[in-house]
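A quick write-up on the structure given underneath.
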Amino acid sequence: MFGRIELVAIGIWVSFAVGGCGGSSEEGASYTPATVPGTTTKRVQLVGFDTSEPLVDALKTGKIQGLVAQDPLRMGELGVRTMVEHLEKKPVDSKIATGETLITPETMNDAAVAALLNPPRASNQSDDAGSAQKTKRWRVMVIPKGTTHQFWETIHAGAKKAADALGNVEVIWLGPQKEDDRTLQIQLVQNAIAKGVDGIVLAPLDSKALVKPVEEAIDKGIPVVIIDSGLDSSRVVSYVATDNYHGGVLAARRLGELLHGEGKLILLRYAVGSESTEQRERGFTDTIAKEFPKLTYLSQDEYAGPTSDSAQQKAQNLVTRYRGQVDGIFCPNESSTTGMLRALEGAGMVAPRP
Amino acid sequence: MGTANDQIAQRPGSHGWRGTLAWVWTMFGPFLGLVLVTGLFAVLTRDSGSFLTVYNWRTIAVQSVIVAASALGMTVIIISGGIDLSVGSAAALVTVVCALLVRDLHLPLAVALILGVLLGGTAGLLNGGLITTLRVVPFIITLGSLKAFRGLAKALAHSSSIYVPAAAKGWWFGRVLKVEPDPSWCLVAPGVWMLLGLSVLLAVLLRYSVLGRHIFAIGSNELAARLCGIRVARVKLAVYGLGGLATGLAGVMQFIYLDATGDPVTADGLELQVIAAVVIGGGSLRGGKGTVLGTLIGCLIMSVLNNGCVHAQIPNAWQDVIIGAIIVGAVALDRFRRGGAAGGGGRV
Chain A
85 MFGRIELVAI GIWVSFAVGG CGGSSEEGAS YTPATVPGTT TKRVQLVGFD
135 TSEPLVDALK TGKIQGLVAQ DPLRMGELGV RTMVEHLEKK PVDSKIATGE
185 TLITPETMND AAVAALLNPP RASNQSDDAG SAQKTKRWRV MVIPKGTTHQ
235 FWETIHAGAK KAADALGNVE VIWLGPQKED DRTLQIQLVQ NAIAKGVDGI
285 VLAPLDSKAL VKPVEEAIDK GIPVVIIDSG LDSSRVVSYV ATDNYHGGVL
335 AARRLGELLH GEGKLILLRY AVGSESTEQR ERGFTDTIAK EFPKLTYLSQ
385 DEYAGPTSDS AQQKAQNLVT RYRGQVDGIF CPNESSTTGM LRALEGAGMV
435 APRP
Chain B
6 MGTANDQIAQ RPGSHGWRGT LAWVWTMFGP FLGLVLVTGL FAVLTRDSGS
56 FLTVYNWRTI AVQSVIVAAS ALGMTVIIIS GGIDLSVGSA AALVTVVCAL
106 LVRDLHLPLA VALILGVLLG GTAGLLNGGL ITTLRVVPFI ITLGSLKAFR
156 GLAKALAHSS SIYVPAAAKG WWFGRVLKVE PDPSWCLVAP GVWMLLGLSV
206 LLAVLLRYSV LGRHIFAIGS NELAARLCGI RVARVKLAVY GLGGLATGLA
256 GVMQFIYLDA TGDPVTADGL ELQVIAAVVI GGGSLRGGKG TVLGTLIGCL
306 IMSVLNNGCV HAQIPNAWQD VIIGAIIVGA VALDRFRRGG AAGGGGRV
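If you want it as structure tokens, here you go:
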């Protein structure tokens, strides 16, 4: 009994002491005893890449200040269309840009932007799988980097849109489940060759490791169109992608303007060997160095890893470490942005706009 | 634990038709599984006709090499009653070190590959040394080295992929795992032949050498083996060293498969595929049981599944479900065959 009374007494004393301290300090008016010092710092400005439902919601509520949107629907569609045009012996461009747009809370209600924000998605289940028989004139295998991101579901929808519009092409959609499984992706390309498809549309996980299987396919007379992320080979039909470097530039300018050119940044990179995100990161760092020299990095060599789960863990560690110091954050893809957003929400560092 | 009846049934004296059947099953059980799986996919893909082609089976053979190389070592370890969870991480470490040796130290690629295999052996010896000196179960020791090797790989690679300059790759490099072998009289890729050769060597070693018999003895009953005068610690060290060499080879094959990329995050989960292959092939996690041929067939079954699902256009989520079912089914059948005597033959 005695011990408990003592505890209560200490509790009262502590709250009194804290209250007294707050009152006597010069900033006493803004100090609330309920919060730990350091959490009441300025809001962190987060600029991310790609769109998904949680990210768009966060943009709406002002937790994210900018998203660079790609146009995956167009990318999937153009990937398949380019392949079919090549198969039908029509000339195609060796590089096709699909466009990128910076979306801010202010611009998100524009009609063109709204279409980008709510793209159609095809689920992995809804495929007309099972028909191992060739039913259409052309059979094209589309191999994404992974199948779990919404981005790829929209690519899938785009590929289907092209297939529906063209009518003479069957799209087979198969990808590695994890976005860092180079081995599995190489196997998929090899299996596509063995299956004898007419063409392969590939988003390579690695700009170098996938060269050999792709060139094997080309040697076997199967043309390859690269989408989303580059491949170090000059023998592919075409490269259909966002101008990722420019996407990074857009993100850097947005963050620079938000911070009025001054402050401390975190760049949470995505994964090594992924050409598209490395381009974005380069576009970002180049622009910051050139146009906003007063912005410095607290951290720029951490990698989010392949899933939003791994990204969240990494982001939580970064956020805990640089709490109160960081002003702006850039994440170069959907999973890293999602992970970072969750970490910031968990830490109470992004309050919804009042 | 088996009942009295089972023990009688298994006793050499009570051979008869049941004994013969058991022998046939042991030899051809996994093989039957392979035939069944192949038949299933042949039916599913009968319209396209692309599954049962020479080219496709060459592809399957090449895709089996990495798992099979590592599974050879795991077979020995599992026969000895141990386990090695670190094979995936060790393989990734090998790819990174091979790439670094060529890129930064400018060693010839062939030398780097040999050093890569030896590095795997060293990693295995480290595991074995820790297991025998600390007397901690292999599961825990290798769980630790799973994390440590992966971390080491990432640290050495600065969490980045390491690419070897194209000029450093010899003319032979791309051919080791080329689906269509060059020259064509090879029939399958040279890497596959290398693996088959090593498999024969290992099978002979296990069956006819003193070390091989000691490994079985330890796996069947470690205490009894010790009492018989077998130097258990020394044999275990050899087992993990051998396993490590196999993992080193798997790492080297992975490095070749990725076209000379040192990838610190590669082969994630390899250990589970490898253990599954050994178990499907008739190995028992209780030790004392397992064959090289069974393991190779186990690897093939998994590769055929991977490949067949693409041909039949089965989403890869279902592929995992099917592999899971096959692992459980294979072991359950094995148990059923032994009439209730659990995988390890009813020992405690």
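Protein sequences, first through last, are from chains A and B. As numbered in my numbering, residues 85 to 438 make up the first sequence, in order. As numbered in my numbering, residues 6 to 353 make up the second sequence, in order. Glycine included, each C-beta is placed from N, C-alpha and C at the ideal position.
Item: DSSP-derived helix/strand/coil call for Phe376(A); Value: coil
Item: Inter-residue Cα distance where the pair is Val176(A) and Ser53(B); Value: 30 Å
Item: Own chain partners of Val309(B) with C-beta closer than 8 Å, once the 5 adjacent residues on each side are dropped; Value: Leu39, Val42, Thr43, Phe46 and Ile65
Item: Alpha helix (DSSP H) segments (min. 4 residues) lying fully within the region 237–309 of chain A; Value: 266–279 and 295–303
Item: Proximity below 8 Å, CB of Val101(B) to CB of Gly267(B); Value: yes
Item: Buried or exposed (CB count within 10 angstroms, at least 16 for buried), Ala67(A); Value: The structure shown does not extend to residue 67(A), since chain A spans only 85 to 438, so no value can be given for it.
Item: Test item: CB-CB of Val309(A) and Thr182(A) under 8 Å; Value: no
Item: The region 237–260 of chain A: positions lying closer than 7 Å to chain B by Cβ; Value: Ile256 and Leu258
Item: Touching by the beta-carbon criterion (3+ pairs, under 8 Å), the region 310–318 of chain B and the region 272–284 of chain A; Value: yes
Item: Exposed unless 16 or more other CB atoms sit within 10 angstroms - verdict on Asn275(A); Value: buried
Item: 4 or more residues per run - each alpha helix (DSSP H) lying fully within the region 222–270 of chain B; Value: 227–232 and 237–262
Item: Chain A contacts from the region 240–270 of chain B (Cβ-Cβ distance under 9 Å); Value: Gln259, Tyr262, Leu263, Asp264, Ala265, Thr266, Asp268, Pro269 and Val270
Item: Distance between Leu242(B) and Trp140(B) (C-alpha atoms, nearest Å); Value: Here residue 140(B) is Arg; the residue named in the question, Trp, does not match the sequence. Near 13 Å, if we compare the C-alpha coordinates of Leu242(B) and Arg140(B).
Item: Length of the line joining the Cα atoms of Ile84(B) and Val333(B); Value: 19 Å
Item: Cβ-based contacts, 7 Å cut-off: residues of the region 155–179 of chain B near chain A; Value: Ser164, Ser165, Ser166, Tyr168 and Gly179
Item: Cβ-Cβ distance between Met159(A) and Val324(A) below 8 Å; Value: yes
Item: Alpha helix (DSSP H) runs contained entirely in the region 91–162 of chain B, provided each spans 4 or more residues; Value: 92–108, 114–139 and 143–161
Item: Neighbour flag for Gln315(B) against chain A, beta carbons, 8 Å; Value: Correcting the residue identity first, residue 315(B) is Val in this sequence and not Gln. Closer than 8 Å: yes.
Item: Local Cβ density within 10 Å of Asp290(A), reported as buried at 16 or more and exposed below that; Value: buried
Item: Per DSSP, cross-strand counterpart(s) of Lys220(A); Value: Partner(s): none; Lys220(A) has no beta bridge.
Item: Whole-angstrom distance between Leu211(B) and Arg218(B), CA atom to CA atom; Value: 7 Å
Item: Cβ of Tyr60(B) within 8 Å of any chain A Cβ; Value: yes
Item: Cutoff 8 Å: Lys70(A) Cβ touching any chain B Cβ; Value: Outside the displayed range of chain A (85 to 438) lies residue 70(A), so it cannot be described from this structure.
Item: Beta carbon of Val152(A) nearer than 8 Å to that of Leu334(A); Value: yes
Item: Check whether Leu228(B) and Phe144(B) have beta carbons under 8 Å apart; Value: no
Item: Beta-carbon proximity check, Tyr354(A) vs Ala399(A), cutoff 8 Å; Value: no
Item: Contacting positions in the region 276–300 of chain A - beta carbon closer than 8 Å to chain B; Value: Ala276, Ile277, Ala278, Lys279, Gly280, Asp290, Lys292, Ala293, Val295, Lys296 and Glu300
Item: Test: Tyr62(A) CB closer than 8 Å to a CB of chain B; Value: The question about residue 62(A) has no answer, for chain A in this structure spans 85 to 438.
Item: Leu171(A) - containing alpha helix (DSSP H), residue span; Value: Pro156 to Leu171
Item: Local conformation of Lys174(A) per DSSP, three classes; Value: coil
Item: Proximal chain B residues relative to Gly357(A), where beta-carbon distance stays under 7 Å; Value: Ser166
Item: Beta-bridge pairing of Tyr60(B) - partner residues as DSSP gives them; Value: In the DSSP output, where bridge partners are listed per residue, Tyr60(B) has none listed.
Item: Boundaries of the alpha helix (DSSP H) in which Thr422(A) is found, first to last residue; Value: Glu418 to Gly430
Item: Residue range of the unbroken beta strand (DSSP E) whose run includes Gln129(A); Value: Gln129 to Phe133
Item: Short CB-CB distance (under 8 Å) between Val181(B) and chain A; Value: no
Item: Whole-Å CB distance - Phe414(A) paired with Leu343(A), under 8 Å assumed; Value: That pair is no contact at about 11 Å.
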